[in-house]
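Trainee: I am attaching a structure below and will ask some questions about it afterwards.
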Amino acid sequence: MTETQLKCTTRHVRLFTARVENQNLVQDSDHLTLDLDPDNEFIWTQNALDKVHKCFSELVEAQAGSELSDYNLRKIGSDLEGTIRQLLQAGELSYNSEARVMNYSMGLPRTPDLL
Numbered sequence: 010m011t012e013t014q015l016k017c018t019t020r021h022v023r024l025f026t027a028r029v030e031n032q033n034l035v036q037d038s039d040h041l042t043l044d045l046d047p048d049n050e051f052i053w054t055q056n057a058l059d060k061v062h063k064c065f066s067e068l069v070e071a072q073a074g075s076e077l078s079d080y081n082l083r084k085i086g087s088d089l090e091g092t093i094r095q096l097l098q099a100g101e102l103s104y105n106s107e108a109r110v111m112n113y114s115m116g117l118p119r120t121p122d123l124l
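Below, the structure is given as C-alpha cells:
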C-alpha cells in the first residue's frame with residue numbers, strides 16, 4: 010500500500026511530505042517541502058526569506074525522531090505563520106500592492122502615521 014502524502018495549508022504556508030523534481034512534487038515521507046506565500050501577498054527581502062527558512066529548519070529539526078503527523082505538520086505551519094506576522098509587524102516584510110487580492114490577512118500595513 011502506498012503512503013499518503015501529508016500536507017499542511019495555511020494562508021501563507023504550504024508544507025508537503027515531498028521533494029521537488031523537475032518542478033513536480035514527488036512524494037517522499039522523509040522530506041518536507043515548503044511553499045512560501047503562494048499568492049505573492051508579500052514583498053520578500055532576502056533577509057526575511059532567510060529568517061523564515063531558518064525557523065522552518067529549526068521547527069523540522071525539533072520534530073526529528075518523532076512520527077510526522079498531520080498535527081505536527083499543522084503546528085509547523087502555524088508557527089511559520091507567526092514568524093511571518095512578526096516580520097510584518099517589525100517592518101521587515103511588506104504587503105505587495107500588486108497582489109491579486111488585498112485582504113491584509115496579517116493586519117493593516119504599518120505606516121509612519123500608525124507607528
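Residues are numbered in the numbering used here as their position in the sequence shown, beginning at 1, plus a constant of 9.
In this text, a Cβ means the ideal position worked out from N, Cα and C, and glycines have one as well.
Computed from a prediction, not measured in an experiment: that's the story for all the values here.
Hey, could you find the ends of the beta strand (DSSP E) R23 is sitting in?
Mentor: 22-25
Trainee: Any idea what DSSP makes of T92, helix, strand or coil?
Mentor: helix
Trainee: Find the nearest neighbour of E107 within the set V61, P47, F51, judged by alpha-carbon distance.
Mentor: F51
Trainee: Would you call the segment 91-102 and the segment 71-82 in contact, with 3 or more CB pairs under 8 Å?
Mentor: no
Trainee: If T129 sits next to D44, beta carbons under 8 Å apart, how far is it from one beta carbon to the other, in whole angstroms?
Mentor: Because the chain in this structure spans residues 10 to 124, residue 129 falls outside the shown range and cannot be described.
Trainee: Report all residues from its chain with a CB closer than 8 Å to the CB of E101; omit the five preceding and five following residues, and keep chain order.
Mentor: For E101, same chain residues with a beta-carbon under 8 Å away, outside a window of 5 residues either side, are T54, N56, A57, K60 in chain order.
Trainee: Name the residue from K16, T13, Q14, R20 whose alpha carbon lies nearest to the alpha carbon of M115.
Mentor: R20
Trainee: Less than 8 Å between the beta carbons of H40 and R23, yes or no?
Mentor: no
Trainee: Check whether the Cβ atoms of D88 and L68 sit closer than 8 Å, and answer yes or no.
Mentor: yes
Trainee: Let's test the definition: count the other Cβ atoms within 10 Å of the Cβ of Y113 and tell me whether it reaches 16, buried, or not, exposed.
Mentor: exposed
Trainee: Under three-state DSSP, which class holds T13?
Mentor: coil
Trainee: Count the other C-beta atoms from every protein chain shown that fall within 10 angstroms of the C-beta of D46, then say buried if there are 16 or more, exposed otherwise.
Mentor: Around the beta carbon of D46, 16 or more other beta carbons lie within 10 angstroms, which makes this residue buried.
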